[in-house]
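*Asks:* In numbering that gives the first Met the number 0, the protein residues as written are 0 to 799.
Think of the CB as a built atom: it goes at the ideal place given N, C-alpha and C, for glycine as much as any other residue.
If you're wondering where the values come from, they're calculated on a predicted model, not measured in any experiment.
Sharing a structure below in structure tokens format, with a few things to ask.
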Amino acid sequence: MLAAQWLRSMQDDDVDVLWLGSDALSFVEGPGAEAFWDVLGSRLEEFTTTHRKVAASSARGRERVVQLLSQRTRPVYVVLDRFESTSGRLGIEQSLLDLVQTMEHLYLIVCTRTVTSLEVVGAAVVDSVVVRPADLALGVEDVLGLAAQQGIVLGRDEAQTLCDETAGWPALVRVILAGSAADQVPGAGFALNLDSGRWFLRTVWDEFAVPGLADFVTRTSVLVEFTRALAARVCGDADVDGHIDTLLAAGLLRVHGSGEDAVYAHLPAVRRECVQRLRSEAPEQFRELSQVSAGVLLDQGRAGQALVHLVRARLWDEVVECVESSWHMLAAQGESELLKLVDRLPADVVARSPRLVVLRDYSNDVAKPATTEGTAASAPGTPELGRLAGWRHGAARSVRERTRDVAERYADLAPDVRADLPAVLCELGATRLARTDTDGARAVFTDAHRLAAASGAAAAEARAAVGAALTCTVTGGIKDARAWIDEATRAAASADPADVADLAPVLAGARALAAIAGVDLPAARAAVVDAIGGDAEVMSLGALARAQLSLLEGGQYEEFEEFEKSSQWVMSSGLPADDLITNLLVAARVDLLLSMGQVLRARAVLTRWEGDQDGLLLPRVRTAFMAGDYGRAALLASQGAHSTHRPARQRLGLQLVAALAENARGREAEAVRAMREAIAVATDSELFQPFALLPRPLLEAMVPAVPELAAVLARLDDAGVRADVFPVPSVVAELSEREREVLETLAVSDSLGAVAKRLYLTTNTVKTHLRSIYRKLGTHSGAETIQRAIECGLIEAPHA
Numbered sequence: 000m001l002a003a004q005w006l007r008s009m010q011d012d013d014v015d016v017l018w019l020g021s022d023a024l025s026f027v028e029g030p031g032a033e034a035f036w037d038v039l040g041s042r043l044e045e046f047t048t049t050h051r052k053v054a055a056s057s058a059r060g061r062e063r064v065v066q067l068l069s070q071r072t073r074p075v076y077v078v079l080d081r082f083e084s085t086s087g088r089l090g091i092e093q094s095l096l097d098l099v100q101t102m103e104h105l106y107l108i109v110c111t112r113t114v115t116s117l118e119v120v121g122a123a124v125v126d127s128v129v130v131r132p133a134d135l136a137l138g139v140e141d142v143l144g145l146a147a148q149q150g151i152v153l154g155r156d157e158a159q160t161l162c163d164e165t166a167g168w169p170a171l172v173r174v175i176l177a178g179s180a181a182d183q184v185p186g187a188g189f190a191l192n193l194d195s196g197r198w199f200l201r202t203v204w205d206e207f208a209v210p211g212l213a214d215f216v217t218r219t220s221v222l223v224e225f226t227r228a229l230a231a232r233v234c235g236d237a238d239v240d241g242h243i244d245t246l247l248a249a250g251l252l253r254v255h256g257s258g259e260d261a262v263y264a265h266l267p268a269v270r271r272e273c274v275q276r277l278r279s280e281a282p283e284q285f286r287e288l289s290q291v292s293a294g295v296l297l298d299q300g301r302a303g304q305a306l307v308h309l310v311r312a313r314l315w316d317e318v319v320e321c322v323e324s325s326w327h328m329l330a331a332q333g334e335s336e337l338l339k340l341v342d343r344l345p346a347d348v349v350a351r352s353p354r355l356v357v358l359r360d361y362s363n364d365v366a367k368p369a370t371t372e373g374t375a376a377s378a379p380g381t382p383e384l385g386r387l388a389g390w391r392h393g394a395a396r397s398v399r400e401r402t403r404d405v406a407e408r409y410a411d412l413a414p415d416v417r418a419d420l421p422a423v424l425c426e427l428g429a430t431r432l433a434r435t436d437t438d439g440a441r442a443v444f445t446d447a448h449r450l451a452a453a454s455g456a457a458a459a460e461a462r463a464a465v466g467a468a469l470t471c472t473v474t475g476g477i478k479d480a481r482a483w484i485d486e487a488t489r490a491a492a493s494a495d496p497a498d499v500a501d502l503a504p505v506l507a508g509a510r511a512l513a514a515i516a517g518v519d520l521p522a523a524r525a526a527v528v529d530a531i532g533g534d535a536e537v538m539s540l541g542a543l544a545r546a547q548l549s550l551l552e553g554g555q556y557e558e559f560e561e562f563e564k565s566s567q568w569v570m571s572s573g574l575p576a577d578d579l580i581t582n583l584l585v586a587a588r589v590d591l592l593l594s595m596g597q598v599l600r601a602r603a604v605l606t607r608w609e610g611d612q613d614g615l616l617l618p619r620v621r622t623a624f625m626a627g628d629y630g631r632a633a634l635l636a637s638q639g640a641h642s643t644h645r646p647a648r649q650r651l652g653l654q655l656v657a658a659l660a661e662n663a664r665g666r667e668a669e670a671v672r673a674m675r676e677a678i679a680v681a682t683d684s685e686l687f688q689p690f691a692l693l694p695r696p697l698l699e700a701m702v703p704a705v706p707e708l709a710a711v712l713a714r715l716d717d718a719g720v721r722a723d724v725f726p727v728p729s730v731v732a733e734l735s736e737r738e739r740e741v742l743e744t745l746a747v748s749d750s751l752g753a754v755a756k757r758l759y760l761t762t763n764t765v766k767t768h769l770r771s772i773y774r775k776l777g778t779h780s781g782a783e784t785i786q787r788a789i790e791c792g793l794i795e796a797p798h799a
């Protein structure tokens, strides 16, 4: 096949090709060398007589071959297939080399499984080319051209798929194209059928001549990729090195890297054929190999690939064991990949693993019922079933289905699986909360609490309640957070102290944050003392609570240094940038800086932040407001407050900024509307802390227009909240959007002409805008104006 492909690639059509295969060389009579020359001579005579009459000759053997070659006027390519099996080949090699050097029109192609002396010597004494399988592999353009020759309309994506599947193996590509064309339905478009090459692969399989090679391919084909060491573990005493070298020489193996680091992989088509053959003809061997391969992969920490092997072999006991023991490695692959796996598992297998049950029923990728915008966080006992598999958006459900308790839903599970569900759900809830999926976290913790309560697992009840309390506190549902804290306290008191010892500082942190949110300062002070611990999460809760409490009591200057130390330690512990705790710590740092009048430092913190920008929208809006940029603060706050996915805490904070910013701009109607919306949210959720994070004089200025605001401010005063923590911003002149564009462009340009060119304005227009900016900011030069604009937060500092 290699020789044929190489010959087809030659542009010269005026040649003869004489093919001597093993069929012609293996059954001749007489000594090997003499028989070889007789066969070659007779074949040459056949070719020669088709072009002109050849004189009769009594010469035989090599002498006759020399005569015929001397008389030729056009090239002849002699292909010796499987030359290593030719009888007497050692006596033929030198004579062939002599002929190649002396006969002008003779070209020799030698096909062997291994490198022979003929190839080595030939490379030294004549012009020669060693063609190996990889040299003839077809690329996408080659496949497209080959398809066009056969009248097949093949897309580039299909050609790429075919190349990936076959590694460009010319013979297999041709077979698949021909088979796909034969299967084509008249009138329908061409459909690539990769299975149409199976018969060819089976033929190749049957022709494996190297002892043990077929078994080696069979065993290693179960692996997606393998090293020599891994192949040795799977194949036992097989000649691994020899088999790999043979397959590489034949182009049937891919390799990445070299030496001990080399990683090998069979062609996808070969792997699929071997696996199908094993599953149908030797199922027990297939299961055995899959189990061995999975064990090796687990030892290497490749749990995902191991699980694929086990599922494919239907080793259900091993599947469940792998899921339970290697869950954290599997979870790193993402829910979508794991869901594909769950879809392939029988329902009874899923029911044997609490993690698979949770994955099936609570995945973010599972469609969930419609939710009502603005729904408050659930308190203990509130009907909420979370994400149920099979529920579709907007689907009608009976009252019984809507209110069916989660404990009843899982009543048919095995007792040990049902008992483990609350712990698995709490783990999932913590992951969701860390990823700021507060809706998902709340649903999961609620169901975990119900399951734990149904089974009498007090420790699990306490954990679920603490998780729900933290979730409600973060989102601003303080009324529900208090209810969950009471439930966690009750459950923890009923549990074995050893089982809930690690919960104490977390519960204290949740209690402190909830008390701060409701401006209950005595309760907050008492809880903060116990919110201490060694790990990053617990330490961050304590640091966060102390920072927020200092902003209510006026101790931010004393607290800031300690907060910096704590938060830096936590953020250096490997938490991702978009983690909830990280976002909360950044927001707290910004608030501390704003309370101390350090707006530029606060802006620098946000500018350098590489995490989720939307997660820090409120600190950005508050920073713009405290910088006196009321226009931008009002715009961003109004847009963000009306986003449907904002939790109560964010909506309240954004509405408050929008109200004060609009009032400062003289837009009283908009300010009053935003303030009343903010008060409604605060009253419903019992969240009053955000009112204390804004300048009190600006809030008091709105009392005449919004009388109900007086009760909120009185509540802050009665609680002992300091009224002078946040300074009133310096009023900054508002710039038009065009003036802001001119200023931002000037900051990164070297001349007014460059500014004009980039903004498609005239230089005179740019000068007019600059005079207006100078007047508004009280500056007299471009450099002074840029510096003043950066200090006031009107533009970002140019990047170095």
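I need the boundaries of the beta strand (DSSP E) containing D578, first residue and last residue.
*Replies:* Walking along the sequence shown from the start, residue 578 turns up at place 579. Premise fails: D578 is in no beta strand (DSSP E) and is neither H nor E.
*Asks:* Should H448 go down as buried or exposed, given a rule of 16 or more other Cβ atoms within 10 Å for buried?
*Replies:* What you label residue 448 is simply residue 449 of the sequence shown in a count that begins at 1. Buried is the call here.
*Asks:* Could you tell me whether the Cβ atoms of V310 and R354 are closer together than 7 Å?
*Replies:* Indexing the sequence shown from 1 puts residue 310 at position 311. Indexing the sequence shown from 1 puts residue 354 at position 355. In this structure, R354 does not lie closer than 7 Å to V310 by Cβ.
*Asks:* Can you check DSSP and say which residues form a bridge with W18?
*Replies:* Counting from 1 along the sequence shown, the entry for residue 18 is found at position 19. Beta-bridge pairing links W18 to V78.
*Asks:* Applying the criterion that 16 or more other CB atoms from any shown protein chain within 10 Å of the CB defines a buried residue, is S539 buried or exposed?
*Replies:* Translated into positions along the sequence shown, residue 539 becomes position 540. The residue in question, S539, is buried, as its Cβ has 16 or more Cβ neighbours within 10 Å.
*Asks:* In or out: H779 buried (at least 16 other Cβ within 10 Å) or exposed?
*Replies:* For the purposes of this step, residue 779 is taken as residue 780 along the sequence shown, with counting starting at 1. Under this definition H779 is an exposed residue.
*Asks:* If I'm right that A640 touches R631 with Cβ under 8 Å, what's the distance once you round it to whole angstroms?
*Replies:* Here residue 640 refers to the residue found at position 641 of the sequence shown. Here residue 631 refers to the residue found at position 632 of the sequence shown. With 8 Å as the limit, A640 and R631 do not qualify as a contact, their Cβ atoms being about 15 Å apart.
*Asks:* With DSSP collapsed to three states, give me the class of V254.
*Replies:* For the purposes of this step, residue 254 is taken as the residue at position 255 of the sequence shown. Strand.
*Asks:* For L171, which residues of its own chain have a beta-carbon under 7 Å away from its beta-carbon, when the five flanking residues on both sides are left out?
*Replies:* For this step, residue 171 is matched to residue 172 along the sequence shown. Excluding residues within five positions, the ones whose Cβ falls inside 7 Å are T165, G196, F199 and A268.
*Asks:* Whole alpha helix (DSSP H) runs in the region 179-227 with 4 or more residues, listed along the chain?
*Replies:* Here the runs fully enclosed are 197-205 and 212-219.
*Asks:* Should L742 and A788 be called a contact, given that it needs their Cβ atoms to be closer than 7 Å?
*Replies:* In the sequence shown, counting from the first residue as 1, residue 742 sits at position 743. In the sequence shown, counting from the first residue as 1, residue 788 sits at position 789. Their beta carbons are under 7 Å apart, which means L742 touches A788 by this criterion.
*Asks:* By DSSP's criteria, Y263 is part of a beta bridge. Which residues make up the other side?
*Replies:* Residue 263 sits at position 264 when you count from the first residue of the sequence shown. In the DSSP output, where bridge partners are listed per residue, Y263 has F225 and V254.
*Asks:* Please identify the residue among L96, D80 and W168 whose C-alpha is closest to the C-alpha of V65.
*Replies:* Taking the sequence shown and counting its residues from 1, one reaches residue 65 at position 66. The shortest Cα separation from V65 among L96, D80 and W168 belongs to L96.
*Asks:* From V604 to R619, what does the alpha carbon distance come to, in whole angstroms?
*Replies:* Residue 604 sits at position 605 when you count from the first residue of the sequence shown. Residue 619 sits at position 620 when you count from the first residue of the sequence shown. C-alpha separation (whole angstroms): 10 Å.
*Asks:* Are S289 and A312 touching if we call contact CB-CB under 7 Å?
*Replies:* What you label residue 289 is simply residue 290 of the sequence shown in a count that begins at 1. What you label residue 312 is simply residue 313 of the sequence shown in a count that begins at 1. Yes, these two residues count as a Cβ contact at 7 Å.
*Asks:* Can you tell me whether DSSP reads L105 as helix, strand or coil?
*Replies:* The count along the sequence shown starts at 1 and reaches residue 105 at position 106. In this structure, L105 counts as strand in the three-state DSSP scheme.
*Asks:* W483 by DSSP, collapsed to three states: which one?
*Replies:* Translated into the one-based positions of the sequence shown, residue 483 becomes position 484. Residue state, collapsed to three classes: helix.
*Asks:* Going by CA-CA distance only, name the one from M674, R227, V203 and A542 that's closest to P703.
*Replies:* Counting from one through the sequence shown, the residue named residue 703 turns up at place 704. If we check each option's Cα against that of P703, M674 comes out closest.
*Asks:* Can you give me the start and stop residues for the alpha helix (DSSP H) that I785 sits inside?
*Replies:* As a working note, residue 785 is residue 786 in the sequence shown. Residues G781 to E790.
*Asks:* If contacts are defined as beta-carbon pairs under 8 Å, then T660 and A636 qualify, I think. What distance do you get, rounded to the angstrom?
*Replies:* Along the sequence shown, read from residue 1 onward, the residue named residue 660 stands at position 661. Along the sequence shown, read from residue 1 onward, the residue named residue 636 stands at position 637. Checking the displayed sequence, the identity of residue 660 turns out to be Ala instead of Thr. About 7 Å; that satisfies the 8 Å criterion.
*Asks:* What's the C-alpha gap between L424 and L686?
*Replies:* Position 425 of the sequence shown, counted from the start, is the residue given in the question as residue 424. Position 687 of the sequence shown, counted from the start, is the residue given in the question as residue 686. Whole-angstrom Cα-Cα distance: 28 Å.
*Asks:* I'd like the list of long-range same chain contacts for P797, defined as Cβ closer than 8 Å, with 5 residues on each side in sequence excluded.
*Replies:* Looking up residue 797 in the sequence shown gives position 798. Contacts found: A746 and V747.
*Asks:* Can you give the Cα-Cα distance for V349 and V341, rounded to whole angstroms?
*Replies:* For this step, residue 349 is matched to residue 350 along the sequence shown. For this step, residue 341 is matched to residue 342 along the sequence shown. The alpha-carbon atoms of V349 and V341 are separated by roughly 7 Å.
*Asks:* Verify whether the separation of the beta carbon atoms of Q555 and L591 is less than 7 Å.
*Replies:* What you label residue 555 is simply residue 556 of the sequence shown in a count that begins at 1. What you label residue 591 is simply residue 592 of the sequence shown in a count that begins at 1. Against a cut-off of 7 Å, the Cβ pair of L591 and Q555 comes out as a contact.
*Asks:* Under a three-way DSSP split, which group does D628 fall into?
*Replies:* Numbered from 1 along the sequence shown, position 629 holds the residue referred to as residue 628. Three-state DSSP puts D628 in coil, outside helix and strand.
*Asks:* Round the Cβ separation of A544 and G508 to the nearest angstrom and send it over; I've been treating them as touching at under 8 Å.
*Replies:* Along the sequence shown, one-based indexing puts residue 544 at 545. Along the sequence shown, one-based indexing puts residue 508 at 509. Yes, they are in contact, since the Cβ atoms of A544 and G508 sit about 6 Å apart, within 8 Å.
*Asks:* When the cut-off is 7 Å and only beta carbons count, does Q688 lie next to chain D?
*Replies:* The chain labelled as chain D is not found in the depicted structure, where only one protein chain is given.
*Asks:* State the CB to CB distance for the pair G480 and A513, rounded to an integer number of angstroms; the pair is presumed to be in contact (CB under 8 Å).
*Replies:* Position 481 of the sequence shown holds residue 480. Position 514 of the sequence shown holds residue 513. Reading the sequence as shown, one finds Ala at residue 480 and not Gly. With a Cβ gap of about 4 Å, A480 and A513 count as contacting.
*Asks:* Does the beta-carbon distance from L450 to A492 come in below 7 Å?
*Replies:* Position 451 of the sequence shown holds residue 450. Position 493 of the sequence shown holds residue 492. Taking 7 Å as the Cβ cut-off, L450 and A492 do not qualify as a contacting pair.
*Asks:* Quick check on DSSP: helix, strand or coil for L734?
*Replies:* Sequence index remark: in the sequence shown, residue 734 carries index 735 (1-based). In the structure shown, L734 sits in coil (DSSP, three-state: anything other than H, G, I, E or B).
*Asks:* Only counting runs of 4 or more residues, tell me where the alpha helix (DSSP H) segments fall wholly within the region 323-348, in order along the chain.
*Replies:* Listed in chain order, the complete alpha helix (DSSP H) runs (minimum 4 residues) inside the region 323-348 are 326-330 and 334-342.
*Asks:* Which term fits H265, buried or exposed, when burial requires 16 or more other beta carbons within 10 angstroms of its beta carbon?
*Replies:* Sequence index remark: in the sequence shown, residue 265 carries index 266 (1-based). Result: buried.
*Asks:* In its own chain, which residues sit with a C-beta less than 8 Å from the C-beta of A418, not counting the 5 before and 5 after it?
*Replies:* Indexing the sequence shown from 1 puts residue 418 at position 419. Closer than 8 Å at the Cβ level, and outside the excluded window around A418, lie S454 and A456.
*Asks:* Under a three-way DSSP split, which group does P504 fall into?
*Replies:* Looking up residue 504 in the sequence shown gives position 505. Looking at P504 - three-state DSSP - the assignment turns out to be helix.
*Asks:* Please tell me whether A302 and S325 are closer than 7 Å, where the distance is taken between their beta carbons.
*Replies:* Locating residue 302 in the sequence shown gives position 303, counting from the first residue. Locating residue 325 in the sequence shown gives position 326, counting from the first residue. It is a contact, given that the beta carbons lie within the stated cut-off.
*Asks:* Give the straight-line distance between the Cα atoms of L548 and P345, rounded to the nearest whole angstrom.
*Replies:* To locate residue 548, count along the sequence shown from 1; it is residue 549. To locate residue 345, count along the sequence shown from 1; it is residue 346. Cα to Cα, L548 sits roughly 53 Å from P345.
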